[in-house]
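Colleague: Residue numbering for the sequence shown follows the working numbering, starting at 513 and increasing by one per position.
Below is the structure I would like to discuss, written out as structure tokens.
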Amino acid sequence: MADITLAALSKVYPGGTRALDAVDLTVADGEFFALLGPSGCGKTTLLRTLAGLETATAGRVTIGGTDVTDLPPGRRDVAMVFQDYALFPHMTVTDNIAYPLRIRKVPAGRRRAKATETAGALGLADHLTRRPDQLSGGQQQRVALARAMACHPRAFLFDEPLSNLDARMRLEARTFLKRLQRELGVTTVFVTHDQAEALALADRIAVMEHGRIRQLGPPTEVFRRPANTFVASFIGSTPMNLLTGRATGGTVEVAGQPLPTPAGLALTEGETLTYGIRPEYLRYRPAPAPAPGALTGEVRVVESLGSAQLVTLDGPAGPVQVVVDEDTEITLGTTGHALPRADRALVYRDGTLLTPT
Ligand code: ATP
């Protein structure tokens with residue numbers, strides 16, 4: 513078993529930056545877990561503290577039931593793969609992969625056999641005698657993975673391992689990584705800036721802000737029901753519309769218009785609320801069709817999303833973004849309506865999601 517538990521883990525750097533603020537987290541054995549959040553929220557610090565490359569200021573780290581908080585990196589039995597792969601430029605592929613085994617004083621014959629076998633499993637068999645500068649970015653990444661795998665760690669820690677690859681390689685490497693992790697069943701913690709990557713790869717994701725976890729759950733749950741307006745504005749390829757309104761007769765009224773509101777919310781008449789709706793869950797209707805329960809505004813911006821378009825309407829509710837199919841003709845300066853799907857609307861009180869009672 514190699515579940516990972518962080519208990520009230522804090523890290524304050526010299527100078528006073530609180531990069532981790534009493535983080536509690538359990539990653540299950542064999543789970544693929546992603547850490548997401550804006551730059552500076554503490555993702556890398558969390559990973560480095562797990563690996564033992566940073567010392568925790570307070571709290572405990574447990575891996576597979578063993579308290580490793582005071583153990584050096586070499587004794588934690590985890591393998592970290594960095595963004596730049598940290599390969600040795602003067603060593604061959606085989607020697608790079610075998611390096612951790614050499615540190616562990618595994619005899620030369622055994623380490624060569626292990627390195628060759630691991631390289632073969634990752635499709636590197638034809639490149640064993642090459643140096644890193646004779647490999648593509650994707651191949652270098654595989655060498656870094658092979659090196660991490662060769663000593664059968666209890667957990668993989670990945671810090672943006674795909675970020676140096678071009679868009680196409682990145683997709684390929686993503687699929688490869690997912691398959692590999694499934695096959696090996698090794699507990700994996702993955703730091704990324706890329707939401708699509710986290711949503712595609714992870715069993716669960718944690719969204720961090722200022723050294724704290726703001727939401728933790730399966731990707732679909734975090735995407736569909738962000739627990740607070742921070743996560744709502746962070747997650748999604750186009751940000752969620754977050755509109756200020758007030759409770760009126762069991763619905764949320766925005767700019768004088770009662771909008772479709774989920775049933776079963778305990779609203780207090782007249783209170784200020786935030787109405788959240790993703791651009792994908794608004795239906796566009798051009799004026800003059802009447803549109804009760806819609807957000808109305810003038811078409812200010814039309815951006816192509818490839819197979820769809822993102823339209824920004826500017827009206828009494830402020831700017832509202834709506835995703836429209838590619839065939840609908842949209843004219844700048846005209847008036848349009850955006851109709852929310854009631855089953856996808858979210859209501860926040862003081863930044864926290866309200867759930868039906
Ligand atoms: P990014 O996505 O930009 O890599 P991150 O979420 O990984 O960011 P961290 O690198 O963990 O964030 O940094 C968290 C906070 O700690 C930031 O405010 C950062 O400036 C600070 N920090 C990181 N390393 C150090 C250090 N060695 N000394 C002092 N402060 C640091």
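Where is the CB? At the ideal position from N, CA and C, for every residue including glycine.
Spatial neighbours of A710 within its chain, please: C-beta separation below 6 Å, excluding the five flanking residues on both sides.
Modeller: A546, L548, T704 and I717
Colleague: Can you tell me whether G635 sits near ligand 1, meaning its C-beta is under 7 Å from at least one heavy atom of the ligand?
Modeller: No, the beta carbon of G635 sits no closer than 7 Å to any heavy atom of ligand 1.
Colleague: For G848 and P798, which I take to be in contact (beta-carbon distance under 8 Å), what is that distance rounded to the nearest angstrom?
Modeller: Contact check for G848 and P798: beta-carbon distance about 5 Å, within the 8 Å limit, so the pair qualifies.
Colleague: Which one of L825, L728 and L785 has the shortest CA to CA distance from Y860?
Modeller: L785
Colleague: Taking A744 as part of the alpha helix (DSSP H), name the residues at either end of that continuous run.
Modeller: T741 to F746
Colleague: For F735, which option in G723, G748, G830 and I725 has the closest C-alpha, if you only look at C-alpha atoms?
Modeller: When the alpha-carbon of F735 is set against those of G723, G748, G830 and I725, the nearest one is in G748.
Colleague: Going by DSSP in three states, K523 sits in which element: helix, strand or coil?
Modeller: strand
Colleague: Going by CA-CA distance only, name the one from A540, R659 and L754 that's closest to Y793.
Modeller: L754
Colleague: What are the residues that DSSP puts in a beta bridge with V580?
Modeller: Partner(s): none; V580 has no beta bridge.
Colleague: Can you name the residues that DSSP bridges to V719?
Modeller: L548 and Q727
Colleague: Sort A854, Q821 and L858 by Cα distance to E841 and report the nearest one.
Modeller: Q821
Colleague: Report all residues for which the CB-ligand distance to some heavy atom of ligand 1 is below 5 Å; order them along the chain.
Modeller: Y525, T529, A531, S551, G552, C553, G554, K555, T556 and T557
Colleague: Cutting at 7 Å between CB atoms, please list the residues of its own chain near R614, excluding the five before and the five after it.
Modeller: R623
Colleague: For T780 and A759, which I take to be in contact (beta-carbon distance under 8 Å), what is that distance rounded to the nearest angstrom?
Modeller: Contact between T780 and A759 holds, with the beta-carbon distance rounding to 6 Å and staying under 8 Å.
Colleague: Return the chain-ordered list of same chain residues with a C-beta closer than 7 Å to the C-beta of P584, the five sequence neighbours on each side being excluded.
Modeller: G564
Colleague: Tell me, please, whether the stretch 593-601 touches the stretch 559-573 by the rule of three or more beta-carbon pairs shorter than 8 Å.
Modeller: no
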